[in-house]
Every structure is written in structure tokens, then in C-alpha cells.
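Quick note, my numbering runs 69 ahead of the 1-based positions in the sequence shown.
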Amino acid sequence: MMTTLPESSREVMEEMQGETAEEVRAEPPPPPLLNIDLAWYDRTHRSLAALLVSRLCGQAGRHAGDHRPDGIGEPLIEGLLADIERCCSVRPGFVTPRTPVLEAVFRAILANGNRPLPMPEVRRRLMGWLALHEASPVISEDRLVRLVESDNFYGIRAVRP
Ligand SMILES: [Zn+2]
């Protein structure tokens, strides 16, 4: 048996419909933020320091040992990242058209000091580096997302904010 809703209830129903329509029009979700997951290197017993040292330019490479605490062991990650951000990543050979795309994503994150970097900004940096070499291949954000999801070498983490 149907009951007639009072006037006040109908008003509430109309408001709820309005909210639903609002959700449909909502903005797409924010892009993922990328950085290197340091804990992943601990879990997999891999050395991020070794990877970073091999990405230094010649000049920074000669001084990598300065980042060793007390002059022994592996150089500290923080010091290596600072070198890459300040020095090596602004040199023209840091990313070239011959750099594999996932390696270039890794280097874009390093160039940002491993602070979380939105995917569109990663792509913008890649295109900027390639433009220095007068190359402009089509690299879509979707392709970058798929590559990052397939990564089991760099420990790249994509976090949805
Ligand atoms: Zn350098």
C-alpha cells in the first residue's frame, strides 16, 4: 500500500538527487604522485646508493665518497640525491632520446630530490629533456602509468593522493 510523502520529505529527496548529479559532474581523480620507495630497497636487499652513484655525472662521481658517514660504508642517500638534483640532472646528457622511458621516469624523480612528483609533471620533465635533443616522441601519461605499474627494478611507488 502506497503512502503519500509529506511535503517536507519530498524536499529532502530532491536535494539528494541534486547531490548525485553533482557527483557525476565531479572532477577526475587527482593524478598519482611518484617517488622512490626506500623501504622497498630494504625489503629486497638492494642498494639504492649504488644505483644513485652510477647516475652521477663525472664531477659528482669523484666526490661521492664525501657522502659516506665517517668515511666508511655506502654514501648516504640524502647527499647523493642532493647532488643529482642540484648538479647532475641539469646537465644536458642526464636524459636523452636513447634513455629507456622507465629509466627516465626514475631520473625525473631523482631530479626532484625524491619528493613526490605528480605524473603530469614527470611527463613534462621528460618532454623538456627530450626537447633539448630536438626529439618529441609521443609519451602518454597512460603509457607512463603502465610502465610504472610494471616496475620491479627501480622501486617506484605511485600513490593516489
Ligand atoms: Zn653532477
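C-beta atoms are modelled at their ideal positions from N, C-alpha and C, and glycine is treated no differently.
- Its Cα nearest to that of Val174, the residue Ile105 stands out among Glu96, Ile105 and Ser123.
- For Ala133, the CB stays at least 6 Å from every heavy atom of ligand 1.
- Each of Leu125, Cys126, Gln128, Ala129, Asp152, Cys156 and Cys157 has a C-beta closer than 6 Å to some heavy atom of ligand 1; these make up the full list, in chain order.
- Contact between Leu213 and Arg192 holds, with the beta-carbon distance rounding to 6 Å and staying under 8 Å.
- Under the 10 Å beta carbon count, Ile141 is surrounded by fewer than 16 other beta carbons and is classified as exposed.
- Ranked by Cα distance from Gly182, the first of Ala204, Leu171 and Ser158 is Ser158.
- In the DSSP assignment, Val228 falls outside any alpha helix (DSSP H) and within the unbroken beta strand (DSSP E) covering Ile225 to Val228.
- In the pairwise beta carbon analysis, the stretch 213–224 is classified as not touching the stretch 196–205: fewer than three pairs are separated by under 8 Å.
- For Leu125, the three-state secondary structure derived from DSSP is coil.
- Here DSSP, grouped into helix, strand and coil, assigns Leu145 to coil.
- For Ile105, no alpha helix (DSSP H) run applies; the uninterrupted beta strand (DSSP E) run containing it begins and ends at Leu102 to Ile105, by DSSP.
- Around the CB of Arg124, 16 or more other CB atoms lie within 10 Å, so the residue is classed as buried.
- Taken atom to atom, the span from the alpha-carbon of Ser209 to that of Ile153 is near 26 Å.
- Looking at the backbone, the Cα of Gly224 and that of Gly148 are separated by about 19 Å.
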